[in-house]
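J.: By the count of UniProt numbering, the sequence shown reaches residue 413 at its end, each step adding exactly one.
Note that beta-carbon positions come from the ideal geometry of N, C-alpha and C, so glycine has one too.
This structure is a prediction, so every number in the text was calculated from the model and none was measured.
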Amino acid sequence: MRQVRRAAVTPVRDTSAGTSAARVRPSSPRRAVWLLVPALALGACAPSGPGTAGPATTSAATPGTGETTAEQGAGPSPEVPTATSDDAPDGPVVLASGLHVPWGLALLPDGSALVTLRDRGEVLRVREGAEPVSLGEVPGVFPGGEGGLLGVAVAPGDGDADPLVYLYLTTQRDNRVLRMRLEGDALVEDRVILEGIPRGQNHNGGRLAFGPDGYLYVTTGDAGQARHAQDPASLGGKILRVDGDGRVPPDNPDPGSPVWTLGHRNVQGLAWAPDGRLFASEFGQNTWDELNLIIRGENYGWPTVEGVGGQADFTDPLVQWPTADASPSGIAVADGAVWLAALRGESLWRVPLDGGGDAVGEPQRLLEGEYGRMRTVVADEDGRLWLLTSNTFRGEPAPDDDRLVRLDPADLP
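Below you can see the structure in the form of structure tokens.
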């Protein structure tokens, strides 16, 4: 397995010299933000190796794109998803391969997993050592650009009997959340619980996750129209919070509104620490991708601010990356860290959680280039990480792509 590549990182602290490429005054004196800057800006001409930073590209993302700088299109469509069983027992295990544009991932109580295929509008059930089983196509999915069948979440507390499954999908007129029931190896449609989320060719958000409070959190993008993010009447560019029936909880910031936070460009990752802190990953535009600590009712600044802005009205990120190094999608919390799946960065980033509040340690870059683009990472009850790759869309797919891989953080260097 590849060794850790540490990015060129400088902690952000209050300085009398003001803002520079490596240091930015944080919005709060108690917060130290990690900025991962291009290595050339820090004189990174030293050789790469464990604990050092290799050269990093300084190219910027194309304005208006959500996940990458180049529209490379989808790769060849695999014939049939397959299970893989020839992995070493003490290393990463490939649970499924030949997946076409997988996006969402949710774990079931019996140890199997649900995987959404974005462009096919299909849900697969993956069991270790067995071929993936199709649960059918979800009605109403209208794929295009970055839209289609995206996130999936399983309602907590359902045990093994017919759990409720929530799906985020793009239709011809909007993005919405559909509730279905899993009966054996079939999904039975229940009803739409949330609709009217702006849709677009890009920036559709799409992550679903139930929090420790039992409510469903929904990430949305600005749908390529930045004005949505600051418009309290729009569901675009937000993190939403509703109950399992789509009703607004009484303790949301604004009565009757599902909006939990605003000022987002395109959030695609949500995960909670054991102490209840909520983290989210967010795509930047030309300059900075973000890892944010999500706080009820806060405004995260888009489109006024990208990355650390130091403005009192907005909440700054905990970590920011150049877009070439991240383009972050799913995140998970396990083994004392936030794990962030990077698409354009083709890496798994580890951000140590150093105590409570907004304290984080130096990010580490792992698995760089080993699996290509990484879409989703989920932690199971044993602390193992489940990774979905995303090479059949805007990538360079290998013959067995895309894959669902499970690994133990202890096996990483």
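Can you name, in chain order, every residue of its own chain whose Cβ lies under 6 Å from the Cβ of His-203, other than the five neighbours on each side?
T.: In the sequence shown, counting from the first residue as 1, residue 203 sits at position 203. Excluding residues within five positions, the ones whose Cβ falls inside 6 Å are Gly-66, Gly-221, Asp-222, Ala-223, Gly-224 and Asn-266.
J.: Roughly how many angstroms separate the alpha carbons of Phe-142 and Gly-148, rounded to a whole number?
T.: Translated into the one-based positions of the sequence shown, residue 142 becomes position 142. Translated into the one-based positions of the sequence shown, residue 148 becomes position 148. If I take the Cα positions, the gap works out to 6 Å.
J.: Would you mind sorting Asp-110 into buried or exposed? The rule is 16 or more other CB atoms within 10 Å of its CB.
T.: The residue labelled residue 110 in the question sits at position 110 within the sequence shown. By the neighbour-count rule (16 or more Cβ atoms within 10 Å), Asp-110 is not buried but exposed.
J.: Does Thr-323 pass the burial test, meaning 16 or more other C-beta atoms within 10 Å, or should it be called exposed?
T.: Start at 1 with the first residue of the sequence shown, and residue 323 comes out as number 323. Buried.
J.: Using the Cβ count rule (16 or more neighbours within 10 Å means buried), how would you classify Gly-297?
T.: Here residue 297 refers to the residue found at position 297 when the sequence shown is read from its first residue. When all chains shown are included, Gly-297 counts as exposed.
J.: I need the boundaries of the beta strand (DSSP E) containing Glu-183, first residue and last residue.
T.: The count along the sequence shown starts at 1 and reaches residue 183 at position 183. First-last of the beta strand (DSSP E) with Glu-183: 175–183.
J.: Alpha carbon to alpha carbon, how far is Arg-406 from Ala-332?
T.: Stepping through the sequence shown from its first residue, residue 406 is reached at position 406. Stepping through the sequence shown from its first residue, residue 332 is reached at position 332. Approximately 13 Å, taken between the alpha carbons.
J.: Within the continuous beta strand (DSSP E) that includes Gln-311, where are the two ends?
T.: Residue 311 sits at position 311 when you count from the first residue of the sequence shown. Run containing Gln-311: none; DSSP gives neither H nor E here.
J.: On the three-state DSSP scale, how would you describe Pro-397?
T.: The residue given as residue 397 occupies position 397 in the sequence shown. If DSSP states are grouped into helix, strand and coil, Pro-397 belongs with coil.
J.: Out of curiosity, what's the CA-to-CA distance linking Lys-238 and Leu-385?
T.: As a first step, residue 238 is located in the sequence shown; it is residue number 238 there, counting from the start. As a first step, residue 385 is located in the sequence shown; it is residue number 385 there, counting from the start. Whole-angstrom Cα-Cα distance: 27 Å.
J.: In three-state terms, what does DSSP make of Leu-150?
T.: On the sequence shown, position 150 is the one that residue 150 refers to. Residue state, collapsed to three classes: strand.
J.: Is DSSP giving Gly-265 helix, strand or coil here?
T.: Position 265 of the sequence shown holds residue 265. Per the sequence shown, residue 265 should be read as Arg rather than Gly. Looking at Arg-265 - three-state DSSP - the assignment turns out to be coil, as it is neither helix nor strand.
J.: In chain order, what residues of the same chain have a beta carbon less than 7 Å from the beta carbon of Pro-156, not counting five sequence neighbours either side?
T.: In the sequence shown, counting from the first residue as 1, residue 156 sits at position 156. If we look at Pro-156 and ignore the five residues flanking it on each side, its Cβ neighbours are Phe-210 and Gly-214.
J.: Report the rounded CA-to-CA distance for Ser-48 versus Arg-120, giving the unit in angstroms.
T.: Here the question's residue 48 lines up with position 48 in the sequence shown. Here the question's residue 120 lines up with position 120 in the sequence shown. Any reading at Ser-48 must be qualified, since the residue scores a pLDDT of 34, below 50, and its modelled position is unreliable; the value itself is stated next. So the two alpha carbons sit approximately 41 Å from each other.
J.: Using 8 Å as the Cβ pair cut-off and three pairs as the minimum, do the region 227–237 and the region 299–311 touch?
T.: Contact holds: three or more Cβ-Cβ distances are below 8 Å.
J.: Taking 6 Å as the limit between beta carbons, can you name the residues of its chain near Trp-288, skipping five residues before and five after?
T.: Residue mapping note: residue 288 aligns to position 288 of the sequence shown, counting from 1. So the qualifying residues of the chain are Glu-306, Gly-307 and Gln-320.
J.: For the beta strand (DSSP E) containing Trp-288, list its first residue and its last residue.
T.: To locate residue 288, count along the sequence shown from 1; it is residue 288. That run of the beta strand (DSSP E) goes 288–294.
J.: Alpha carbon to alpha carbon, what distance is there between Leu-178 and Gly-184?
T.: Your numbering for residue 184 matches position 184 in the sequence shown. Your numbering for residue 178 matches position 178 in the sequence shown. Answer to the nearest angstrom: the Cα atoms are 19 Å apart.
J.: Could you tell me whether the Cβ atoms of Arg-118 and Leu-150 are closer together than 8 Å?
T.: By 1-based counting over the sequence shown, the position of residue 118 is 118. By 1-based counting over the sequence shown, the position of residue 150 is 150. Going by C-beta atoms, Arg-118 is nearer than 8 Å to Leu-150.
J.: Just reading off the beta strand (DSSP E) that Asp-190 is part of, what are its end residues?
T.: Position 190 of the sequence shown, counted from the start, is the residue given in the question as residue 190. Residues 186–197.
J.: Report the rounded CA-to-CA distance for Ala-229 versus Asn-252, giving the unit in angstroms.
T.: Looking up residue 229 in the sequence shown gives position 229. Looking up residue 252 in the sequence shown gives position 252. If I take the Cα positions, the gap works out to 18 Å.
J.: Identify, in the order they occur along the chain, each residue of the same chain with its Cβ nearer than 6 Å to the Cβ of residue 430, setting aside the five sequence neighbours on each side.
T.: This structure does not reach residue 430, given that the chain is present from 1 up to 413, and the question cannot be answered.
J.: Can you tell me whether DSSP reads Ala-410 as helix, strand or coil?
T.: As a position in the sequence shown, residue 410 is number 410, starting the count at 1. It is helical.
J.: Excluding the 5 residues preceding and the 5 following Val-338 in the sequence, name in chain order all residues of the same chain whose CB lies nearer than 7 Å to its CB.
T.: Working through the sequence shown from its first residue, we reach residue 338 at position 338. The residues are Ala-271, Phe-279, Leu-291, Ile-331, Val-351 and Leu-353.
J.: Could you tell me which of Tyr-217, Pro-163, Val-154 and Leu-293 sits nearest to Asp-358, measuring between CA atoms?
T.: By one-based count along the sequence shown, residue 358 stands at place 358. Answer by Cα proximity: Leu-293.
J.: Would you mind stating whether Leu-105 and Val-138 have Cβ atoms separated by less than 8 Å?
T.: Along the sequence shown, read from residue 1 onward, the residue named residue 105 stands at position 105. Along the sequence shown, read from residue 1 onward, the residue named residue 138 stands at position 138. Not in contact: Leu-105 and Val-138 (Cβ atoms no closer than 8 Å).
J.: Suppose contacts are defined by Cβ-Cβ distances below 8 Å. Is Gly-269 in contact with Arg-207 by that definition?
T.: Mapped onto the sequence shown, residue 269 falls at position 269. Mapped onto the sequence shown, residue 207 falls at position 207. The answer is yes: Cβ separation under 8 Å.
J.: Between Ala-342 and Val-152, what straight-line distance do the alpha-carbon atoms span, to the nearest angstrom?
T.: Within the sequence shown, numbered from 1, the residue matching residue 342 stands at position 342. Within the sequence shown, numbered from 1, the residue matching residue 152 stands at position 152. Answer to the nearest angstrom: the Cα atoms are 19 Å apart.
J.: For Thr-171, name the three-state secondary structure that DSSP assigns.
T.: Locating residue 171 in the sequence shown gives position 171, where the first residue counts as 1. In this structure, Thr-171 counts as coil in the three-state DSSP scheme.
J.: Taking the straight line between their C-alpha atoms, what separation do you get for Arg-173 and Asp-411?
T.: One-based indexing of the sequence shown puts residue 173 at position 173. One-based indexing of the sequence shown puts residue 411 at position 411. So the alpha carbons of these two residues sit roughly 45 Å apart.
J.: Which first and last residues belong to the beta strand (DSSP E) in which Ala-332 is found?
T.: If you number the sequence shown from 1, residue 332 lands on position 332. Run containing Ala-332: 328–334, per the beta strand (DSSP E) assignment.
J.: Buried or exposed: where does Ala-233 fall if 16 or more other Cβ atoms within 10 Å of its Cβ makes it buried?
T.: Position 233 of the sequence shown, counted from the first residue, corresponds to residue 233. By the neighbour-count rule (16 or more Cβ atoms within 10 Å), Ala-233 is not buried but exposed.
J.: Only counting the same chain, and skipping five residues up and downstream in sequence, which positions put a Cβ closer than 7 Å to that of Gly-276?
T.: Position 276 of the sequence shown, counted from the start, is the residue given in the question as residue 276. Hits under 7 Å: Pro-212.
J.: Quick check: Ser-347 and Leu-366, are their CB atoms within less than 8 Å of each other?
T.: Within the sequence shown, the letter at position 347 stands for residue 347. Within the sequence shown, the letter at position 366 stands for residue 366. Yes, these two residues count as a Cβ contact at 8 Å.
J.: Between Gly-369 and the rest of its own chain, which residues show a CB-CB distance below 6 Å, the 5 nearest in sequence each way excluded?
T.: On the sequence shown, residue 369 is found 369 positions in, with the first residue counted as 1. Only Glu-346 meet the Cβ criterion.
J.: Can the beta-carbon of Leu-187 be found less than 8 Å from the beta-carbon of Val-218?
T.: Along the sequence shown, read from residue 1 onward, the residue named residue 187 stands at position 187. Along the sequence shown, read from residue 1 onward, the residue named residue 218 stands at position 218. Not closer than 8 Å, so no.
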